[in-house]
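Chemist: Here you go, one structure.
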Amino acid sequence: MRVEPSAVEAGSPATVKCEYDLENQKLYSVKFYRGSHEFYRYSAEDEPHTKVFPFPQGLPSSPVNLQRSNQTQVYLGEVSPSLAGNLSCEVTTDDTFVTRLVYTNLVVAVKPEGPPHITTSKNSYDPGETLLATCVAQPSQPAAELSFYIGDRMVGQGVPEVRNTSTGLLETRLELRLRLADKHFNAGTGRDRDGGEMVVLRCHAEVPNLAVHNAYTRLSRRTKHPVPERVTQPNAAAALAAMPASLMLLLVVLGARGSLARR
């Protein structure tokens, strides 16, 4: 027994297949269950052969398409998240009434509505300080896989926390605790308005084979590097103007003596 596709996106169709070998015996009936509730039956001796049973209260109306269902499969036209769970197929032969029961699991995939959300304990850090961050994914089914990046390098090895929401979907939460170093600020990930170094933290959320989202937060360096003042060489006139009068007189006398000596 299997479901095609193996993970069904909510609102999409799916086919539940029950394959069997009667070993030359005559088929009596095939029954499909969701949990303990029968929702579809094929009876070889009845007319019509197929019959649909309503789901219990709390579950959606039956999405079974009779025109595309038969003794080996049930076609579900629109799958809702509440249908996820154990499915089973019961095959009974006519001659000996031998019954065989097989199981599978219906996985209903629900995309997250958007990117994850990042929060940090502060907006600015210095090397040597510990960055504390939390990333929470939008609810989905199955749960999103989260990871943190600075530049192209994955950081942190935290264990994600997954919880059930009131809608039946799963919410993933991941925390990061990282001691920052100069390399994190020099990762080539951006500068602030004043040209200062920044840490660009990225949270990557992925629901396998369904959706990929990224969220970013930019953290500036609190202590800026000092900018050296520009030093210019004073011109000759300014240098002479700054000389004491006695020193200037001495230079004139020495210059005059040098001129007489050359004569």
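Quick note, the sequence shown lines up with residues 1 to 263 if you use this note's numbering. Every residue gets a Cβ at the ideal spot worked out from N, C-alpha and C, and that includes glycine.
Give the straight-line distance between the Cα atoms of H204 and P142, rounded to the nearest whole angstrom.
Modeler: About 16 Å.
Chemist: Is K51 helix, strand or coil when you go by DSSP?
Modeler: Reduced to three states, the DSSP call for K51 is strand.
Chemist: Report all residues from its chain with a CB closer than 7 Å to the CB of A137; omit the five preceding and five following residues, and keep chain order.
Modeler: Excluding residues within five positions, the ones whose Cβ falls inside 7 Å are P112, P116, A144, L146, E171, T172, A205.
Chemist: Can you list the beta strand (DSSP E) stretches of 3 or more residues lying completely in the segment 18 to 96, in chain order?
Modeler: Those beta strand (DSSP E) runs which fall completely within the segment 18 to 96 and span 3+ residues are 27 to 34, 37 to 43, 50 to 52, 73 to 76, 85 to 93.
Chemist: Tell me which same chain residues have a C-beta within less than 6 Å of the C-beta of H270, skipping the five on either side of it?
Modeler: This structure leaves residue 270 out entirely; the chain is present only between 1 and 263.
Chemist: Between A133 and V110, what straight-line distance do the alpha-carbon atoms span, to the nearest angstrom?
Modeler: Cα to Cα, the separation comes out at about 26 Å.
Chemist: For V155 and T223, what's the separation of their Cα atoms in angstroms?
Modeler: Their Cα atoms are separated by approximately 23 Å.
Chemist: Measure the C-alpha to C-alpha separation of A10 and E47 and round it to an integer number of angstroms.
Modeler: Going from the Cα of A10 to the Cα of E47 covers about 33 Å.
Chemist: How far does the alpha helix (DSSP H) with K183 in it extend, from its first residue to its last?
Modeler: Run containing K183: 182 to 185, per the alpha helix (DSSP H) assignment.
Chemist: Is E197 buried or exposed, if buried means 16 or more other CB atoms sit within 10 Å of its CB?
Modeler: Looking at its Cβ environment, which holds 16 or more other Cβ atoms inside 10 Å, E197 is buried.
Chemist: Please return the same chain residues whose Cβ sits closer than 6 Å to the Cβ of K51, not counting the five positions on each side in sequence.
Modeler: Within the same chain, K51 has close Cβ partners R41.
Chemist: Drop a sphere of 10 angstroms on the beta-carbon of K31, count the other beta-carbons inside from all chains shown, and report buried for 16 or more, exposed for fewer.
Modeler: Flag for K31 reads buried.
Chemist: Determine the direct distance from the alpha carbon of A181 to that of L87, and round the result to whole angstroms.
Modeler: Going by the C-alpha atoms only, they are around 53 Å apart.
Chemist: In chain order, what residues of the same chain have a beta carbon less than 8 Å from the beta carbon of P208, not counting five sequence neighbours either side?
Modeler: Here the set comprises P142, E145.
Chemist: Here's the rule I'm using: 16 or more other beta-carbon atoms within 10 Å means buried, otherwise exposed. How should S220 be labelled?
Modeler: Buried, because 16 or more other Cβ atoms sit within 10 Å of the Cβ of S220.
Chemist: Return the chain-ordered list of same chain residues with a C-beta closer than 7 Å to the C-beta of R2, the five sequence neighbours on each side being excluded.
Modeler: Around R2: K17, T104.
Chemist: List the residues that DSSP assigns as beta-bridge partners of S147.
Modeler: DSSP lists H204 as partners of S147.
Chemist: Distance, Cα to Cα, Y216 vs I118?
Modeler: Cα to Cα, Y216 sits roughly 7 Å from I118.
Chemist: Whole angstroms is fine: what's the gap from S69's alpha carbon to A14's?
Modeler: Rounded to the nearest angstrom, the two C-alpha atoms are 11 Å apart.
Chemist: Where does S121 fall in DSSP's three states?
Modeler: If DSSP states are grouped into helix, strand and coil, S121 belongs with coil.
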